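Student: Under numbering that gives the first Met the number 0, read the sequence shown as residues 0 to 330, first letter to last. Every residue, glycine too, gets a C-beta built ideally from N, C-alpha and C. What you are looking at is a predicted structure, and each value in this text was computed from that prediction instead of being measured.
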Amino acid sequence: MTCFLKLEHTWPELLSPQTMVRVDIDAISRNIRALQGLTAPGIKFMAVVKANAYGHGAVGVAKTALKSGADMLAVARISEAVELRNAGIEAPILLFGDVLPAQAPYLAEHDIRATVTCLDMGYALAAALDSSEKHLNIHIKVDTGMGRLGFVHTGLNPHQYPPENAIDDILTLGTLPKLSVEGIYTHLSKADEQDKTHARKQINRFLKLTDRLRDRGFDPGIRHIANSATVIDLIEAHLDMIRPGIAIYGLWPSNEVDTTRLTLEPAMSIHTKVIQLKSVPAGFGVSYGGTHVTQAPTIIATVPVGYADGFSRLLSNQGHMLVKGTQAPIL
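The following block contains the structure:
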């Protein structure tokens with residue numbers, strides 16, 4: 000057996016990377032339709048394409064999501080929204096992350112929704128838009144138990160939730176010039192766990208808050224709370240719009256959600272070539288730290304994949320690769 004594999008290649012292949020990621024856009028479309036199949040008619044769909052669509056390519060995924068029925072897109076950073084607009088995508092985009100007042104005119108001009116997490120932020124955005132002819136659409140974020148951004152802090156007695164001062168702040172926000180409230184949302188911290196006690200507590204807090212706002216004559220707009228795990232396991236929390244992220248890409252939020260409710264297809268796969276075959280005896284340590292020790296004479300195939308390709312050495316001795324359709328353990 001020769002250690003050097005003399006493979007036939009076309010000229011373009013010789014100049015191409017030996018290792019590459021392939022994204023199955025059709026799988027993403029099917030995943031979106033599967034998630035839509037869990038919702039009632041009339042519920043909107045926000046496709047989360049932050050972090051370059053979880054590494055899958057934001058522009059391509061965004062266009063696919065919109066063709067598959069998504070109503071809105073969501074990103075984490077303003078640079079991500081700019082990329083989508085520069086690619087000609089005109090659909091509504093919600094920015095999850097913080098916004099600097101100086102960015103407000105750009106957001107308003109390009110129809111990018113801002114998340115507002117406190118009244119002071121609302122004042123700053125309104126002031127920054129004072130000389131603008133445009134209004135900025137905003138979504139109000141409330142903290143119902145995540146402990147991160149949002150009106151209303153965690154740790155409150157649930158019987159006192161929401162506190163009246165938080166309601167007053169949101170009502171004041173709704174009166175500020177140049178800001179138009181389009182929606183309100185929160186984020187569930189434990190929806191992907193089998194025990195839904197905390198998730199349901201957050202849902203109840205959110206509904207109590209939005210009901211209280213309506214009692215005071217304020218329409219909070221589109222209510223959305225459903226991340227991927229909530230879409231799958233908590234139908235009652237779909238509300239006006241669902242907001243799945245990781246499930247769009249064919250991955251389960253955790254191994255504790257109900258995987259029988261729909262079929263998801265992983266959209267990303269890594270493709271590479273075997274560059275060497277080597278025969279080693281029993282008791283041979285393989286790779287960094289010798290974390291795998293052969294139990295018998297073994298033929299080892301080496302592939303050109305490593306840190307630079309996003310493959311951590313922590314994955315040694317975990318999982319399998321397919322070699323011409325046959326599973327081979329990763330050593």
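#1: Just checking, does the segment 93-113 make contact with the segment 133-147 on the three C-beta pairs under 8 Å criterion?
#2: If distances are taken between C-alpha atoms only, which option among 119, 228, 297 and 310 comes closest to residue 34?
#3: Which value, in whole angstroms, describes the spacing of the CA atoms of residue 210 and residue 198?
#4: Got a sec? Which residues, its chain only, sit under 6 Å from residue 297 by beta carbon, not counting five neighbours each side?
#5: Please report the residue range of the alpha helix (DSSP H) in which residue 108 lies.
#6: With three or more beta-carbon pairs closer than 8 Å as the criterion, would you say the segment 33-52 touches the segment 236-251?
#7: State the DSSP-derived secondary structure class of residue 222, mapped to helix, strand or coil.
#8: Quick one: residues in its chain with C-beta nearer than 8 Å to the C-beta of residue 70, no 5 flanking neighbours on either side, listed in chain order?
#9: Is the segment 71-85 touching the segment 50-58, taking contact as three or more C-beta pairs under 8 Å?
#10: What does DSSP give as the partner residue(s) for residue 45 in the beta ladder?
#11: How many Å lie between residue 206 and residue 246 at the Cα?
#12: Just to confirm, is the Cβ distance from residue 185 to residue 148 under 8 Å?
#13: Per DSSP, which residues does residue 328 bridge with? Please list them.
#14: Out of curiosity, what's the CA-to-CA distance linking residue 57 and residue 267?
#15: Taking contact to mean 3 or more Cβ pairs, one atom from each stretch, closer than 8 Å, check whether the segment 116-125 and the segment 163-174 are in contact.
#16: Got a sec, what are the start and stop residues for the alpha helix (DSSP H) residue 33 sits in?
#17: Where does residue 248 land, buried or exposed, given buried means 16+ other C-beta within 10 angstroms?
#18: Less than 8 Å between the C-beta atoms of residue 83 and residue 101, yes or no?
#19: Kindly indicate the opening and closing residues of the alpha helix (DSSP H) around residue 267.
#20: So, at 8 Å on beta carbons, what are the nonlocal neighbours of residue 329 in its own chain, with the 5 sequence-adjacent residues on each side left out?
#21: By a C-beta neighbour count over all protein chains shown, 10 Å radius and 16 as the cutoff for buried, is residue 270 buried or exposed?
#22: Roughly how many angstroms separate the alpha carbons of residue 284 and residue 233, rounded to a whole number?
#23: Going by beta carbon distance, what residues of the same chain come within less than 7 Å of residue 282, once the five residues before and after it are set aside?
#24: Within 10 Å of its beta-carbon, does residue 230 have 16 or more other beta-carbons around it, so buried, or fewer, so exposed?
#25: How many angstroms separate the CA atom of residue 258 from the CA atom of residue 125?
#26: To the nearest angstrom, report how far apart residue 265 and residue 216 are at their CA atoms.
#27: State the Cα-Cα distance for the pair residue 256 and residue 193, rounded to the nearest angstrom.
#28: Quick one: what's got a C-beta closer than 8 Å to residue 153's C-beta in the same chain, skipping five residues either side?
#29: Quick check on DSSP: helix, strand or coil for residue 237?
#30: Would you report the Cα separation of residue 213 and residue 235, rounded to the nearest angstrom?
#31: Enumerate in chain order the residues of its own chain whose CB-to-CB distance from residue 189 is below 6 Å, with the five nearest sequence positions on each side excluded.
#32: Within this structure, are the beta carbons of residue 261 and residue 224 separated by less than 8 Å?
#33: What is the DSSP secondary structure of residue 284, counted as helix, strand or coil?
Tutor: Taking the coordinates as given:
#1: yes
#2: 228
#3: 18 Å
#4: 279
#5: 103-108
#6: yes
#7: strand
#8: 43, 44, 45, 90, 91 and 240
#9: yes
#10: 71
#11: 25 Å
#12: no
#13: 319
#14: 13 Å
#15: yes
#16: 24-35
#17: buried
#18: no
#19: Premise fails: residue 267 lies in the beta strand (DSSP E), 267-270, not in any alpha helix (DSSP H).
#20: 314, 315, 316, 317, 318, 319 and 320
#21: exposed
#22: 47 Å
#23: 292 and 293
#24: buried
#25: 45 Å
#26: 45 Å
#27: 6 Å
#28: For residue 153, the predicted model reports a pLDDT of 49, less than 50, meaning its position is unreliable and no value from the coordinates is stated.
#29: coil
#30: 19 Å
#31: 197 and 198
#32: no
#33: strand
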